[in-house]
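First residue of the sequence shown: 89, per this note's numbering; consecutive thereafter.
The beta-carbon is built from N, C-alpha and C at its ideal position, and this holds for glycine as well.
None of the values given here were measured: they were computed from a predicted structure.
What follows is a short report on a single structure.
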Amino acid sequence: MRNQVTPPISTVARVQRGASNATADVGKTRQIHKKGEVNISAYFPSEVKASLRMIQAKTGNNVKECLAEALPDLFRKYNVPVSAELEKGR
């Protein structure tokens, strides 16, 4: 008994509720990206975020739209191809 690992409470609760209730939560996960997309993120000083928020306020664009506008300029600067068209929107 000493070496036995106790499963997390949420797992125990699902088993106790039965299989039908345990799978009920599966469909409730929120999709945060479209198929074929990947997350690209980085940490910057808070001033960078403030500037980005100002651009958002002026344009009405979200962060993804702002970056989709800026990245092609960066790619052109360094003469690298963009394999997929950057879409505006969510």
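For the pair Glu135 and Arg141, the Cα-to-Cα distance works out to about 10 Å. In this chain, the alpha helix (DSSP H) harbouring Ser134 covers 134-147. In the DSSP annotation of this structure, Val170 is not part of any alpha helix (DSSP H), being labelled neither H nor E. Cβ-Cβ distances below 6 Å link Val170 to Phe163 in the same chain, with the five nearest sequence neighbours on each side left out; the list follows chain order.
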